[in-house]
Amino acid sequence: MHYFNSLVLVALSLPLVAHSKSLYIDYSCTFKPGWNDYWQESLRLARRAGERLDSATDTDFEAVFKRIFRTDKGSTQGQYVRGILKEFVDLSPVTDLKTSDIRVFCDNDRRWGSERPTGGWYDGTNELIFPLKPSCYKPGVLGRAYNGKTFDATDPTSPRAGHNPNRIVVVICDEAFKSGDGLPLRIDHHVEALDLNNVPIGILSYLVSATIVHEFAHALSYEPSTGEMRIRDLPDPQTAYGWKNSIQKPTDMAVNNADNYCYLTLWAVLADMGYTLPRVNEPGLSAQDKQDREDAAVKGRLSRYLDITKRMLKSLKLVARAFSA
Numbered sequence: 255m256h257y258f259n260s261l262v263l264v265a266l267s268l269p270l271v272a273h274s275k276s277l278y279i280d281y282s283c284t285f286k287p288g289w290n291d292y293w294q295e296s297l298r299l300a301r302r303a304g305e306r307l308d309s310a311t312d313t314d315f316e317a318v319f320k321r322i323f324r325t326d327k328g329s330t331q332g333q334y335v336r337g338i339l340k341e342f343v344d345l346s347p348v349t350d351l352k353t354s355d356i357r358v359f360c361d362n363d364r365r366w367g368s369e370r371p372t373g374g375w376y377d378g379t380n381e382l383i384f385p386l387k388p389s390c391y392k393p394g395v396l397g398r399a400y401n402g403k404t405f406d407a408t409d410p411t412s413p414r415a416g417h418n419p420n421r422i423v424v425v426i427c428d429e430a431f432k433s434g435d436g437l438p439l440r441i442d443h444h445v446e447a448l449d450l451n452n453v454p455i456g457i458l459s460y461l462v463s464a465t466i467v468h469e470f471a472h473a474l475s476y477e478p479s480t481g482e483m484r485i486r487d488l489p490d491p492q493t494a495y496g497w498k499n500s501i502q503k504p505t506d507m508a509v510n511n512a513d514n515y516c517y518l519t520l521w522a523v524l525a526d527m528g529y530t531l532p533r534v535n536e537p538g539l540s541a542q543d544k545q546d547r548e549d550a551a552v553k554g555r556l557s558r559y560l561d562i563t564k565r566m567l568k569s570l571k572l573v574a575r576a577f578s579a
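Mapping of the sequence shown onto the numbering used here: residues 255 to 579, in sequence order.
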């Protein structure tokens, strides 16, 4: 679940992904003004993060990854993170809701209707049950991933029958599409033209694409064997969100916290614009300068460097040369 903030576990065993997961996008999203831009930007966030993690020369992004997850990108946990990003980019769009692995709605949870007389809530579109009030009904919530299934229909001809048993439903709430205090909803040419030097990254965590990445981190971590999503909001809603909270988590919690993925992907696209975290270990820094940069990094402040893109381009040229050989 992703909240709007007014202020700007276990050892891993990595499942092998045999095939890309299928994705159904409901008309409540496709009819939403600007949806295609938001969706394509979310894919760009994940794709660029993956590409930068694959780079052997992008030392800035490597430092970003290490600060967010407190491990090296080549570690087992690092490969798990990379796998989640790849699954997102590799999603296969389908038009059949019932057979899809992940379904996305932008209906503000209206499909849940009202609370049942016996208690709990029922989503008849996806055959889900939920014991609590649906998340979009609550103030300040930007999105949610649901996985509470109903009992399977015993009659195969029933309208209730035929749903993918491992289905996950993602909703992007109306709140996510509202620009609080004029904050941007996507990285358009107006944002790219701004001087973002020393701006805290939290301002960009309200992008619709960032909310999408957050919710899909949940959805893509679903494990049929346990019936649970591994990536959650940890350890609780009070400390799961925000840059400062995210970078304070130990590795086993960081790789299982959705906001960490949100911030990682934001930094990947910001690097395309010339921004990254302050270079704390740059040679020749005085002790005071190093401390000042560390303080700025802890606050998530963007620092502009002219050679970020050049570093990445050098790596991409090496890769291209290898494939053409």
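For every residue, glycine included, the Cβ atom is placed at its ideal position computed from N, Cα and C.
Between Leu458 and Leu520, the beta carbon gap of about 5 Å places them in contact (Cβ cut-off 8 Å). DSSP places Gly397 inside the beta strand (DSSP E), whose first and last residues are 395–400. Shortest Cα-Cα distance from Val343 to any of Asp326, Asp506, Glu295 involves Glu295. Within a 10 Å sphere around the beta-carbon of Ala447 sit fewer than 16 other beta-carbons, which makes this residue exposed. In this structure, His468 places its C-beta atom within 8 Å of the C-beta atom of Cys516. DSSP places Tyr281 in the uninterrupted alpha helix (DSSP H) bounded by 281–284. The Cβ atoms of Thr404 and Leu382 lie closer than 8 Å to each other. For Trp293, the enclosing alpha helix (DSSP H) starts and ends at 289–308. Under DSSP, no beta-bridge partner is assigned to Asn451. Where Arg321 is concerned, the enclosing alpha helix (DSSP H) starts and stops at 313–323. The beta carbon of Asn535 is closer than 6 Å to none in its chain, skipping five residues each way along the sequence. Take the alpha-carbon of Arg364 and the one of Gly481: they are about 25 Å apart. The distance from the Cβ of Ala522 to that of Asn514 is about 13 Å, inconsistent with a contact at the 8 Å cut-off.
The bridge partners DSSP lists for Phe359 are Val425. Collapsing the DSSP output to three states places Ser389 in a helix. Judged by their CB atoms, Ala551 and Asp314 are not nearer to each other than the 8 Å cut-off. Put simply, of Asn380, Glu341, Asn290, Arg398 the residue whose alpha carbon is nearest the alpha carbon of Arg486 is Arg398.
Met483 carries a strand assignment under DSSP once its states are collapsed to helix, strand and coil. In chain order, Trp521, Leu531 place their CB closer than 6 Å to the CB of Val318, counting only its own chain and leaving out the 5 sequence neighbours on each side. Here Ser479 is exposed: its Cβ has fewer than 16 other Cβ atoms, across all protein chains shown, within 10 Å.
CA-CA distance, Tyr529 to Ile426, rounds to 28 Å.
Beta-bridge partners of Arg558 (DSSP): Tyr529. Counting along the chain, the unbroken beta strand (DSSP E) around Trp375 starts and ends at 375–377.
Fewer than three Cβ pairs drawn from the segment 411–421 and the segment 448–455 lie within less than 8 Å of each other, which leaves the two stretches out of contact. For Val335 and Ile501, the gap between their C-alpha atoms comes out near 15 Å. The beta-bridge partner set that DSSP reports for Ile383 consists of Tyr376. The three-state secondary structure of Tyr495, taken from DSSP, is coil. Taking Ser433 as the centre and dropping the five residues before and after it, the same chain places the C-beta of Leu439 closer than 7 Å to its C-beta, in chain order.
About 12 Å separates the beta carbons of Leu474 and Asn510, which is beyond the 8 Å limit, so they are not a contact pair.
Assigned with DSSP and collapsed to three states, Glu369 falls in coil, not helix or strand.
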